[in-house]
Amino acid sequence: MIFEEETLKQKLLTIEEKKILDDETFLYTLIDSMMKHIGSTDPILRDNLIYSNFSKFINSGAIPQSKAYNMLEICLDERHLFYKIGEERTDSVFTRSFSSLVVALILTNDDGTFIDAMRLLEIKTAILEYLDKEKDTRGFVKNKGWAHSIAHGADMLTALVCHAHFHINQLSDVLKAIETCLLKEVVYQDEEEERLIFAVEALLEKGMETQMFISWIKDLSSNLNKEYIKHGQTMSFYHSKMNVTNFLKSLYFRLKLMNPDKELLECIEHEIHYWFKESYGQG
Numbered sequence: 136m137i138f139e140e141e142t143l144k145q146k147l148l149t150i151e152e153k154k155i156l157d158d159e160t161f162l163y164t165l166i167d168s169m170m171k172h173i174g175s176t177d178p179i180l181r182d183n184l185i186y187s188n189f190s191k192f193i194n195s196g197a198i199p200q201s202k203a204y205n206m207l208e209i210c211l212d213e214r215h216l217f218y219k220i221g222e223e224r225t226d227s228v229f230t231r232s233f234s235s236l237v238v239a240l241i242l243t244n245d246d247g248t249f250i251d252a253m254r255l256l257e258i259k260t261a262i263l264e265y266l267d268k269e270k271d272t273r274g275f276v277k278n279k280g281w282a283h284s285i286a287h288g289a290d291m292l293t294a295l296v297c298h299a300h301f302h303i304n305q306l307s308d309v310l311k312a313i314e315t316c317l318l319k320e321v322v323y324q325d326e327e328e329e330r331l332i333f334a335v336e337a338l339l340e341k342g343m344e345t346q347m348f349i350s351w352i353k354d355l356s357s358n359l360n361k362e363y364i365k366h367g368q369t370m371s372f373y374h375s376k377m378n379v380t381n382f383l384k385s386l387y388f389r390l391k392l393m394n395p396d397k398e399l400l401e402c403i404e405h406e407i408h409y410w411f412k413e414s415y416g417q418g
């Protein structure tokens, strides 16, 4: 039995939490219904009720591992994380984006016994593919609430890095995914670049070497410069430049608080200053 949207909404608004958790059959029916309507265009149902309850159930351990694993597999499939991937400005983004949030919740709450190293590599591949292919980068959508696909994808990426089986030799893939998001030729308006920094912080906590990170920052700026040299002051270049410089500015102050490595901070300062001079001719 699967509840329809309005029935599900009413149950989630009125049901007592104890009744949900004490009745496994009802809990499973509720979860299956929530998964079916995870991409609802009703922001109250999707965000305030479905996602918030998934967060509560998963974070508290109320959902058995076998059911959580089933949810993870569903979220990563073609009807969820990859549902109509490549579409822009359609409602399909809500299914993809909120599926990514559930993946992040499950990864965050796994201690390494539920998801082994091999499965995590497969999940990593899916996450990177999603971030590469996602074209609908809207943040807040009028009357429908948050889409926020890149921000939610960044949360999923951070959860991946924080997982017990994530190995530091995979960090270049994560950095590449961050670069891909920054160079999508759109201007982020709802702090997406801020959310990507959490993945950077997680990499640093996992032991990413400062020199490797410095090299990546220089390469990011260099790749942006190649776009400028090749195509000139196009709107797509301008949008990418805004994302990169906003990212670097936020990164600078976040790292200054958590990891005040002088050489790293000087590298970020240099790249910010370089693009300021390129844009305004002032030094």
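Everything in the sequence shown is counted per the numbering used here, starting at 136 for the first residue and increasing by one. Every residue gets a Cβ at the ideal spot worked out from N, C-alpha and C, and that includes glycine.
Practice problem: For the alpha helix (DSSP H) containing I166, list its first residue and its last residue. | Solution: Position 31 of the sequence shown, counted from the first residue, corresponds to residue 166. First-last of the alpha helix (DSSP H) with I166: E159 to K171.
Exercise. Indicate whether K202 and I166 have their beta-carbon atoms separated by less than 8 Å.
Key: Numbered from its first residue, the sequence shown carries residue 202 at position 67. Numbered from its first residue, the sequence shown carries residue 166 at position 31. In this structure, I166 lies closer than 8 Å to K202 by Cβ.
Practice problem: Can you tell me which of the three DSSP states G416 falls into? | Solution: On the sequence shown, position 281 is the one that residue 416 refers to. Residue state, collapsed to three classes: coil.
Self-check item: Beta-carbon gap between A337 and V296 smaller than 8 Å
Solution: In the sequence shown, counting from the first residue as 1, residue 337 sits at position 202. In the sequence shown, counting from the first residue as 1, residue 296 sits at position 161. Yes. Within cutoff.
Quiz item: On the three-state DSSP scale, how would you describe G288?
Solution: Taking the first residue of the sequence shown as position 1, residue 288 is located at position 153. DSSP, reduced to helix, strand and coil, places G288 within a helical segment of the structure shown.
Exercise. Per DSSP, which residues does V276 bridge with? Please list them.
Key: Your numbering for residue 276 matches position 141 in the sequence shown. According to DSSP, V276 bridges with G280.
Practice problem: Kindly indicate which three-state DSSP category D267 falls into: helix, strand or coil? | Solution: Position 132 of the sequence shown holds residue 267. D267: helix per DSSP, three-state reduction.
Self-check item: Test item: CB-CB of I332 and L386 under 8 Å
Solution: If you number the sequence shown from 1, residue 332 lands on position 197. If you number the sequence shown from 1, residue 386 lands on position 251. Cβ atoms of I332 and L386: closer than 8 Å.
Self-check item: Environment of Y265 [buried if 16+ CB atoms lie within 10 Å]
Solution: Here residue 265 is taken as the residue at index 130 of the sequence shown, counted from 1. Its Cβ being crowded by 16 or more others within 10 Å, Y265 is buried.
Quiz item: Whose CA, out of T176, F161 and R231, lies closest to the CA of A197?
Solution: Taking the sequence shown and counting its residues from 1, the one referred to as residue 197 is at position 62. It is F161.
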